[in-house]
Each structure stands twice: as structure tokens, then as C-alpha cells.
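These notes are about the structure you will find just below.
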Amino acid sequence: MAALGVRDVAESKALETRLIQTEKLAMTGQMAAEIGHELRNYLTVLIGHVHLFGVNPDVTANERATRSIGIMGEQLERIEKFATGLMEMGVLKLAKEPFDINLLIEKLTDFVRGQKRFRRVEFEATLDPKLPTMEADQGQIHQVLMNLYANAADAMDAGIIKTRTFTEREGAQIVVEVEDTGPGIPEEPLENIFESGNTTKGRPSVSP
Numbered sequence: 012m013a014a015l016g017v018r019d020v021a022e023s024k025a026l027e028t029r030l031i032q033t034e035k036l037a038m039t040g041q042m043a044a045e046i047g048h049e050l051r052n053y054l055t056v057l058i059g060h061v062h063l064f065g066v067n068p069d070v071t072a073n074e075r076a077t078r079s080i081g082i083m084g085e086q087l088e089r090i091e092k093f094a095t096g097l098m099e100m101g102v103l104k105l106a107k108e109p110f111d112i113n114l115l116i117e118k119l120t121d122f123v124r125g126q127k128r129f130r131r132v133e134f135e136a137t138l139d140p141k142l143p144t145m146e147a148d149q150g151q152i153h154q155v156l157m158n159l160y161a162n163a164a165d166a167m168d169a170g171i172i173k174t175r176t177f178t179e180r181e182g183a184q185i186v187v188e189v190e191d192t193g194p195g196i197p198e199e200p201l202e203n204i205f206e207s208g209n210t211t212k213g214r215p216s217v218s219p
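Take any residue in the sequence shown, note its place counting from 1, add 11, and you have its number in my numbering.
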């Protein structure tokens, strides 16, 4: 009976903890939805202006400018989808579609090379040209890769980020491998790497 009593108390405490966590998640979801709504309002204006640039003959005559505008448009649309995801936080929706993962990686690395965050980073890619078309949520795959690249760049003063694509299980599974030449993660923080909000970066700073 004593053991049963202890179990009941433990289960009650665990239930209380789960309820508190659920309430916190609900509040977080509400805040995220509000942020997503405001973010989309700003993005709508920016996307409209980028599209106007795209139809301007003076701008489109410049091949480099046209390429940059195309990249900006793609990234703004991805941010808009991210904002929409914030608004729908708590409801998992996957927009699966067939796409070329190698092409996505090439476009992403082309985009980040021009950012200050990656100014001391070199990108190397070994992409299997025989990969089959991948069917997944392209936006989420893009976000995962972007996060991996950003974390690698933040952990290195200078170095190389290597991306490799290949297949396993006789072509039934596509693998994307991202590796960097940074110092790696110490064993203790590594144990908590998948906990929400966990970071080894310290307090964020803003540089001019």
C-alpha cells in the first residue's frame, strides 16, 4: 500500500507538471500566432515591392540584379510561409511536394554566401547527381538546413561547411549530411541538445 501511495503522489505531481507545461505551450502558441500575423503584414508590403522591381525593364536588363531580385523574392516567400506556420502553431501541417534536394542546397548556399554571418565560411558540396526526386515539405527542409548552416557559422571564426547528398537502402532513402570544421559540441551540452530552448551560444548580441 505504501508503494502504491507513493506512486499515486508521483503520478499526481507528474500530471500537475504536464498541465503546467501544456498551459505554457498554449500561451506560447498564442504569442507565436500574434507575431506571425504582424510579420506577415510587413512581408506582404516587401514582397509587393520586390515584384515591382522584377517587372521594371531598367532593372531586369541587369542580369545580376535580376538574379538577386529572384533570390530575395524566394527568401521573402519562405519567410512568409514561416510566419504562416507561426500563426498555425500547434497544428502540424506538412506540404509535401516533389523537388530536387540538390537544387535546393545550391540555391540556399548561393543565398547565404552573401550574408555577413557567413563571410569567413567556405561551402563545399558533394551532391549525388543521380538522386531521385525527393517528396517532402520543401520549406521545412530548407529551414533545417538553414539552421544547421547558421549554427555551424556561429561556432567557427573561420572554416568550411560541407554538405553531401547520397542514397541508402538501395536508393530508397535520401541522406543529406552536413559537416563543419568547427570545434564540435562538448559532451555535457550534447546530452541536452534536443531540449526546447537549449543553446550553447550564450546571450544574443547585436553587431552593427
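For every residue, glycine included, the Cβ atom is placed at its ideal position computed from N, Cα and C.
{"Asked": "Got a sec, what are the start and stop residues for the alpha helix (DSSP H) A161 sits in?", "Found": "149-166"}
{"Asked": "Please list, in chain order, all residues of the same chain as R18 whose beta carbon is under 6 angstroms from its beta carbon, the five residues on each side excluded.", "Found": "Because R18 carries a pLDDT of 37, less than 50, the predicted location of this residue cannot be relied on, and the following value inherits that uncertainty. Counting only Cβ-Cβ distances below 6 angstroms, and skipping sequence neighbours, we find nothing."}
{"Asked": "Over what stretch of residues does the alpha helix (DSSP H) that includes E117 continue unbroken?", "Found": "112-123"}
{"Asked": "Given 8 angstroms as the limit, is there contact between the stretch 146-164 and the stretch 182-192, that is, 3 or more CB pairs closer than that?", "Found": "yes"}
{"Asked": "Can you check DSSP and say which residues form a bridge with K141?", "Found": "None, per the DSSP bridge assignment."}
{"Asked": "Cα separation between F110 and M145?", "Found": "5 angstroms"}
{"Asked": "By Cβ distance below 8 angstroms, which residues in the same chain neighbour I116 in space, the five residues on each side in sequence not counted?", "Found": "A136, L138, L156, T174, T176, V187"}
{"Asked": "Report the rounded CA-to-CA distance for E88 versus L54, giving the unit in angstroms.", "Found": "8 angstroms"}
{"Asked": "Pick from A94, E85, P140: whose alpha carbon is nearest that of K118?", "Found": "E85"}
{"Asked": "Drop a sphere of 10 angstroms on the beta-carbon of A164, count the other beta-carbons inside from all chains shown, and report buried for 16 or more, exposed for fewer.", "Found": "buried"}
{"Asked": "Pick from Q149, K141, I152: whose alpha carbon is nearest that of E179?", "Found": "K141"}
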